[in-house]
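Input: a single structure, listed below in structure tokens.
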Amino acid sequence: MSTPSPSEPANKSNDLNLMVDDLLQQMQTRFDSVGRTIETRLQDMDHRMTELETSIQELMDQAGLNGTTPKSNNNNSSAKGTAKI
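First residue of the sequence shown: 93, per the working numbering; consecutive thereafter.
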């Protein structure tokens with residue numbers, strides 16, 4: 093067995109540092125990729141929910157289930173306005 097030279101521990105330490113740096117870079121790259129994927133999926137889900145809400149509102153309007161009629165809305169607004177004065 094030969095005794096390690098003083099430069100061998102430094103080389104091993106440098107190799108370990110390089111491996112750790114490489115691993116951290118790979119993890120950062122994967123994290124960024126997953127983050128972009130999640131953001132894209134959330135934006136897609138938001139868009140689909142908005143479309144669904146619009147479709148539901150249109151169906152409710154067509155069925156006359158919008159909850160209030162314009163006439164009753166106007167009466168409520170004016171009654172509230174009178175009460176405030």
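Positions of the beta carbon are idealized from the N, C-alpha and C atoms, including for glycine.
- Secondary structure at N106: helix, using DSSP grouped into helix, strand and coil.
- In the structure shown, G127 falls within a helical segment according to DSSP collapsed to helix, strand and coil.
- Non-local beta-carbon contacts of D124 in its own chain, meaning distances under 8 Å to residues more than five positions away in sequence, are absent.
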